[in-house]
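**Q** Residues are numbered in our numbering as their position in the sequence shown, beginning at 1, plus a constant of 1306.
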Amino acid sequence: MKTIQKLPKLPVFRSERDHKYYCEKSNKWLKFSTTQVCNELTEEAKANIERLKHIWQPRGETVHYCLEQKMLGSLDIDMGEYEHIVKPLFNHYLFKHFIPMGVEYMMSNPDKDVGGQLDLIGYDYETEQIRLLDLKTKGSTKSGFYKRERVGTHYIQ
């Protein structure tokens, strides 16, 4: 098996208040985030997301935190009221042969004035590929998980 190393932390940080990225290497605030660049939503869809934020935000933050802790090697993870979502996620086939290289990993391209954060980047030793994973949570667990490729990212819903 290949030796997989963690990626070094890059000189990028995000202001949580306004969701803007700063590149320390180029000493500037970046104009765009990957969310802005990749956003394909209509104004109506954006309004619905905002209207339901009180429901999806705690779920999304908790599930993301649990996956982050799992990928960082924690064995004692408080899943709270979202255990019914987190346990199946941990058992998802993508994580059976996945070695994390970066978790909640911030990156930027100052020349393009864009910054962003990956949920996960890692090595899939079954397919021998580097995978970028972007986790999206949903309210219903009845339809299970699915993935689709989007801008080179595996998108798990």
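Beta carbons: idealized from backbone N, C-alpha and C, even for Gly.
Looking only at its own chain, which residues have a Cβ that is under 6 Å from the Cβ of Arg1357, when we skip the five neighbours before and after it?
**A** As a first step, residue 1357 is located in the sequence shown; it is residue number 51 there, counting from the start. Listed in chain order, the non-local C-beta contacts of Arg1357 below 6 Å within the same chain number zero, local neighbours out to five positions each way being set aside.
**Q** Looking only at its own chain, which residues have a Cβ that is under 8 Å from the Cβ of Met1413, when we skip the five neighbours before and after it?
**A** Along the sequence shown, read from residue 1 onward, the residue named residue 1413 stands at position 107. Answer for Met1413: Leu1316, Val1318, Gly1421, Gly1422, Gln1423 and Leu1424, listed in chain order.
**Q** Are Asp1430 and His1398 close, meaning C-beta to C-beta below 7 Å?
**A** Position 124 of the sequence shown, counting from 1, holds the residue named residue 1430. Position 92 of the sequence shown, counting from 1, holds the residue named residue 1398. Cβ atoms of Asp1430 and His1398: not closer than 7 Å.
**Q** Going by DSSP in three states, Tyr1371 sits in which element: helix, strand or coil?
**A** Locating residue 1371 in the sequence shown gives position 65, counting from the first residue. In this structure, Tyr1371 counts as helix in the three-state DSSP scheme.
**Q** Take every Cβ of the stretch 1360-1369, pair it with every Cβ of the stretch 1328-1341, and state whether three or more of those distances are shorter than 8 Å.
**A** no
**Q** Beta-carbon within less than 6 Å of Ser1332's beta-carbon, same chain only, minus the 5 sequence neighbours each way: which residues are those?
**A** Your numbering for residue 1332 matches position 26 in the sequence shown. By the criterion of a C-beta distance shorter than 6 Å, Ser1332 is surrounded in its chain by Pro1416, once the five residues flanking it on both sides are discounted.
**Q** Between which two residues does the beta strand (DSSP E) harbouring Ile1427 extend?
**A** If you number the sequence shown from 1, residue 1427 lands on position 121. Per DSSP, Ile1427 belongs to the beta strand (DSSP E) from Val1420 to Asp1430.
**Q** DSSP beta-bridge partners for Pro1406?
**A** The count along the sequence shown starts at 1 and reaches residue 1406 at position 100. Answer by DSSP bridge pairing, in chain order: Gly1428.
**Q** So for Lys1352, helix, strand or coil by DSSP?
**A** On the sequence shown, residue 1352 is found 46 positions in, with the first residue counted as 1. Under the three-state reduction of DSSP output, Lys1352 falls in the helix class.
**Q** By the DSSP assignment, the beta strand (DSSP E) with Leu1439 in it spans what residues?
**A** The residue you call residue 1439 lines up with position 133 of the sequence shown. Its beta strand (DSSP E) spans residues Gln1435 to Leu1441.
**Q** For Gly1379, is the classification buried or exposed, using 16 other Cβ atoms within 10 angstroms of its Cβ as the cut-off for buried?
**A** For the purposes of this step, residue 1379 is taken as the residue at position 73 of the sequence shown. Its Cβ having fewer than 16 others within 10 Å, Gly1379 is exposed.
**Q** On the DSSP letters alone, give me the boundaries of the beta strand (DSSP E) that Phe1319 sits inside.
**A** The sequence position of residue 1319 within the sequence shown is 13, counting from 1. Its beta strand (DSSP E) spans residues Val1318 to Ser1321.
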